[in-house]
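Per the numbering used here, the sequence shown runs over residues 817 to 911.
Quick reminder that beta carbons are idealized off the backbone N, C-alpha and C, glycines included.
Remember, predicted model here, so these are calculated numbers, not experimental data.
Here is the structure we will look at, set down as C-alpha cells.
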Amino acid sequence: MELETILTRLGLDSWKGTLINIFCVIALYGGWKAIDRLWIQPFVSPLRDLPGPKSPSFIWGNLREIFSADPGELHDKWVEQYGTTFVSNLIVIYS
817 MELETILTRL
827 GLDSWKGTLI
837 NIFCVIALYG
847 GWKAIDRLWI
857 QPFVSPLRDL
867 PGPKSPSFIW
877 GNLREIFSAD
887 PGELHDKWVE
897 QYGTTFVSNL
907 IVIYS
C-alpha cells in the first residue's frame, strides 16, 4: 500500500484533516483523564482508606473551610481528630 493511500485513509492528506485528528486525540485523552480521575481512581487509590473530613462540596471540596478558618487552626483540628496522616478533598483539578 502506498504512503499516500495510507495518509488519505487516516485523514492526514491535508492540514485540515491533521488538525481534526490532533483535536480528536486531545479530546479523547482529556475525556479519559476525567473519567479516570472522577470514577476510577477513587475506587483503586490506596488513599481512599485514610481518614479525613467529609467533603461538603463536590467541586470545592474542603477548600472553602480552609480559606474561612484562621491559618493553621483547621489543620490542627483535623490532626487532633484524624491523626497526623489524613486526606482532605480540595478543588477538582486534572493533572
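Residue i classed as buried or exposed, judged by whether at least 16 other C-beta atoms fall within 10 angstroms
i: residue 894; result: buried
Option nearest residue i by Cα separation, candidates the options
i: residue 902; options: 886, 878 and 887; result: 878
Coil, strand or helix - residue i by DSSP
i: residue 885; result: coil
i: residue 822; result: helix
i: residue 827; result: coil
7 angstroms CB neighbourhood of residue i in its chain, flanking five on each side removed
i: residue 910; result: Model confidence at residue 910 stands at a pLDDT of 47, short of 50, so the residue's coordinates are unreliable and nothing is read from them.
i: residue 819; result: none
i: residue 882; result: 890
Residues near residue i by beta carbon distance below 6 angstroms, same chain, minus five either side
i: residue 867; result: 898 and 902
Contact belief for residue i with residue j at Cβ below 8 angstroms, rounded distance in angstroms
i: residue 828; j: residue 837; result: 7 angstroms
i: residue 858; j: residue 904; result: With a Cβ gap of about 14 angstroms, residue 858 and residue 904 do not count as contacting.
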